[in-house]
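Here the working numbering = 1-based position in the sequence shown + 42. Okay, so here's the structure we're looking at.
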Amino acid sequence: MSDNKQKVVEIDRSAYEFKDIETEKDFYRMEEGLDEETVLKVSAEKHDPEWMRDFRLKCLKIYNEMEMPKWGPSIEGLDMDRITSYVRHKSEMKNNWEDVPEDIKNTFERLGIPQAERESLAGVGAQYDSELVYHNVKDEVAAQGVIYTDLESAMKTEYADMIKSHFMTLIPPTDHKFAALHGAVWSGGSFVYVPKGVKVDIPLQSYFRLNAAGAGQFEHTLIIVDEGADLHFIEGCSAPKYNVANLHAGAVELFVAKNARLRYSTIENWSKNMYNLNTKRALIEENGIMEWVSGSFGSHTGYLYPMTILKGDHSKMEFTGITFAGKGQNLDTGAKVVHQGVGTTSVINSKSISKDGGIGTYRSSVVIQSSAKKAKASVSCDSLMVDSISRADTIPGMDIRTDDADVGHEAKIGRISDDAIFYLMSRGISEEEAKAMIVSGFANPVSKELPLEYAVEMNNLIKLEMSGH
């Protein structure tokens with residue numbers, strides 16, 4: 043039997059690891075470090091209105107006064123004095139794919155973004171380092187009144203007041219140190235507005251590529267789904283690996299109005315020198331529905347807990363997520379929900395896989411306020427360790443302020459069964475293939491919630507993580 047054993051090794055990320063050479067001719071790169079001059083330079087680059095420039099400076103002050111977060115894995119290796127907050131290609135954003143500069147176009151072609159747009163998406167935004175380089179929405183979707191553009195452009199349109207009244211209200215800069223950092227130097231990201239009663243039948247997508255070494259990416263996504271509207275938004279992320287730290291501290295703010303529905307799907311495939319300190323939050327009104335589908339792969343250290351505020355009566359939330367922590371990775375992920383309205387419902391299904399000494403931590407928070415009578419909350423977290431040197435932890439938190447609520451929690455942590463592997467190997471399947479089959483089956487409840495092209499990508503990432511070479 044031992045002759046059939048194959049070693050499980052580091053993921054082959056060749057499909058994502060290619061790098062573009064950053065030249066002074068084609069790229070503008072701001073100095074490393076963070077101070078008032080840095081923030082003012084970013085603001086000038088963005089041609090901010092006065093209120094945004096003042097807001098950035100306010101956030102910088104808050105950032106300097108706050109301590110580093112202490113609840114998750116260590117981020118001592120992240121030195122902000124060695125991170126540049128802003129890098130951009132010197133070309134302008136394009137609405138025609140053929141007009142995108144060749145070097146950037148080749149990057150996204152290799153990642154399959156244009157193909158995805160041509161085949162199955164209503165609109166695509168592509169961000170490279172600190173700026174969007176391409177944005178487009180299909181004519182039939184625009185004809186429905188759907189707005190999908192970069193946030194900076196939207197701030198200079200009739201939607202300026204809408205953006206000002208929503209921007210960083212769900213994620214205030216006082217929330218944590220990296221929310222304040224984001225507010226000070228944010229750049230790029232998308233603005234989506236779906237008018238009342240409009241149902242977007244095919245998804246919109248944004249893809250974020252961080253190519254520069256020693257850089258941070260701070261995109262801001264703001265989505266407003268108006269009353270009775272329906273939208274599926276997909277987000278993808280990747281980066282090549284460098285021997286210096288990179289930082290992702292983006293923000294996602296989602297507003298779902300009465301009787302509206304939003305599905306937000308993410309596959310994050312950052313490189314393993316990345317500190318992924320992203321913040322995502324949604325506010326749901328009466329009878330609104332919020333669906334999260336999340337796959338977290340890559341990154342050296344991750345803090346990621348999408349949060350939903352069920353404000354309206356009978357609003358609902360469902361979170362389905364998976365995390366894969368390999369060698370050298372410490373991924374602290376989960377979900378948060380706050381029940382405020384009567385008859386609100388939340389379901390959290392989270393899975394984590396760890397191998398080669400990776401650490402996967404599930405961390406959640408369920409709060410049912412006294413106003414949330416007849417609320418229902420269900421939490422399920424399953425952790426699978428592929429070997430004996432990996433680690434999995436669950437840290438669920440529940441704060442229930444009413445007796446009139448139905449709350450359940452289930453957690454399972456275990457290793458791959460030697461008996462199951464032996465059984466499969468006795469049927470002529472190699473140890474590597476047997477483990478991959480078991481892990482893929484474990485992840486199946488998440489992959490089946492993704493659109494086809496993203497389910498294929500997630501399954502391929504799992505196969506790469508599990509494969510021997």
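Where is the CB? At the ideal position from N, CA and C, for every residue including glycine.
Thinking just about the alpha-carbon of each residue, which of the options is nearest to the one in residue i?
i: glutamine 371; options: Pro115, Glu194, Ala414 and Leu193; result: Pro115
i: glutamate 74; options: Val129, Met110 and Phe97; result: Val129
i: methionine 20; options: Lys198, Ser392, His218 and Thr191; result: An answer regarding residue 20 cannot be provided, because it is not within the stretch 43 to 511 covered by the chain.
i: valine 188; options: Leu212, Ala221, Lys198 and Gly239; result: Gly239
i: glycine 330; options: Val389, Ala184 and Asp272; result: Asp272
i: glutamate 261; options: Ile244, Ala414, Glu295 and Gly270; result: Glu295
i: aspartate 41; options: Val428, Pro438, Thr199 and Ser248; result: Residue 41 cannot be examined here, being either before or after the span of the chain that is shown, 43 to 511.
i: leucine 99; options: Gly292, Glu118 and Val227; result: Val227
i: isoleucine 117; options: Arg469, Val183, Pro348 and Asn315; result: Asn315
i: aspartate 446; options: Ala414, Gly368, Thr199 and Ser420; result: Ala414
i: alanine 302; options: Ile265, Met72 and Gly278; result: Ile265
i: lysine 418; options: Glu277, Asn311, Gln382 and Ser396; result: Gln382
i: threonine 263; options: Ser420, Ala324 and Asp243; result: Ala324
i: glycine 13; options: Met467, Ile458 and Ser420; result: No statement about residue 13 is possible, as the shown extent of the chain runs from 43 to 511 and does not include it.
i: threonine 308; options: Ser425, Glu78 and Tyr249; result: Tyr249
i: aspartate 90; options: Gln259, Ile205 and Ala185; result: Ile205
i: lysine 369; options: Lys416, Ile395 and Gly439; result: Ile395
i: alanine 367; options: Lys416, Glu328, Ser425 and Ser388; result: Ser425
i: alanine 434; options: Val421, Gly456 and Gln186; result: Gly456
i: phenylalanine 209; options: Ala293, Leu76, Gly278 and Met72; result: Ala293
i: glutamine 186; options: Ile213, Ser207 and Val242; result: Val242
i: valine 379; options: Lys88, Gly439, Val179 and Asn501; result: Gly439
i: asparagine 311; options: Leu252, Lys416 and Gly258; result: Leu252
i: serine 85; options: Pro348, Glu194 and Ala184; result: Glu194
i: proline 348; options: Met108, Glu87 and Ile213; result: Ile213
Among residues of its own chain, excluding the 5 on either side of residue i, which ones have a beta-carbon nearer than 8 Å to its beta-carbon?
i: isoleucine 326; result: Val298, Met332, Thr350, Ile351, Leu352, Lys353, Gly354, Ser357, Lys358 and Met359
i: glycine 256; result: Glu74, Arg124, Ile125, Thr126, Tyr284, Val286, Ala287 and Asn288
i: alanine 462; result: Ala476 and Ile480
i: aspartate 441; result: Ser407, Val408, Val409 and Ile410
i: alanine 471; result: One point to set straight first is that residue 471 is isoleucine, not alanine, in the sequence displayed. Here the set comprises Met479.
i: lysine 300; result: Glu269, Gly270, Glu327, Glu328, Asn329, Gly330 and Gly354
What residues are listed by DSSP as bridge partners for residue i?
i: phenylalanine 366; result: Ile395
i: isoleucine 276; result: Gln247 and Ser307
i: tryptophan 312; result: Gly340
i: glycine 439; result: Ser407
i: glutamine 259; result: His290
i: glycine 402; result: Leu373 and Ala434
i: aspartate 192; result: Ser232
i: threonine 350; result: Ala324 and Val379
i: valine 298; result: Val267 and Ile326
i: lysine 241; result: Asp272
i: serine 388; result: Met359 and Ala419
i: threonine 199; result: DSSP, once it has assigned bridges, lists no residue as partnering threonine 199.
In its own chain, which residues sit with a C-beta less than 7 Å from the C-beta of residue i, not counting the 5 before and 5 after it?
i: aspartate 374; result: Gly114, Pro115, Gly344, Tyr345, Thr403 and Arg405
i: leucine 120; result: Ala287, Leu289 and Tyr317
i: arginine 443; result: Ile410, Gln411 and Ser412
i: glutamate 92; result: none
Among the residues of its own chain, which have a CB less than 6 Å from the CB of residue i, if the five just before and after it don't count?
i: alanine 453; result: Cys423 and Thr436
i: isoleucine 364; result: Gly337, Lys393, Ala485 and Val488
i: isoleucine 431; result: Gly399
i: leucine 319; result: Phe220, Ala291 and Tyr345
i: tyrosine 235; result: Ile189 and Ile266
i: histidine 274; result: Pro245 and Arg305
i: proline 215; result: Cys101, Ile104, Ala221, Ala222 and Gly225
i: aspartate 361; result: The question names aspartate, yet the displayed sequence has phenylalanine at residue 361. Result list for phenylalanine 361: Trp334, Ala377 and Ile390, in chain order.
i: isoleucine 420; result: Residue identity differs from the one stated: residue 420 is serine in this sequence, not isoleucine. Answer for serine 420: Val389 and Gly450, listed in chain order.
Taking the beta carbon of residue i as the centre, do at least 16 other beta carbons fall within 10 Å, making it buried, or is it exposed?
i: aspartate 268; result: buried
i: threonine 386; result: buried
i: leucine 503; result: buried
i: aspartate 321; result: At residue 321 the sequence reads threonine, which differs from the aspartate that was named. Its Cβ being crowded by 16 or more others within 10 Å, threonine 321 is buried.
i: histidine 342; result: buried
i: methionine 94; result: buried
i: threonine 211; result: exposed
i: methionine 197; result: buried
i: glycine 225; result: buried
i: glutamate 474; result: buried
i: glutamate 182; result: exposed
i: lysine 132; result: In this predicted model, lysine 132 has a pLDDT of only 49, less than 50, meaning its place in the structure is not dependable; the value taken from the coordinates is given anyway. Its Cβ having fewer than 16 others within 10 Å, lysine 132 is exposed.
i: serine 468; result: exposed
i: tyrosine 201; result: buried
i: tyrosine 465; result: exposed
i: glutamate 79; result: exposed
Complete beta strand (DSSP E) runs within the region 418–490 (minimum length 3 residues, chain order): 433–442 and 447–457
Continuous beta strand (DSSP E) assignments of at least 3 residues falling wholly in the region 77–117: none
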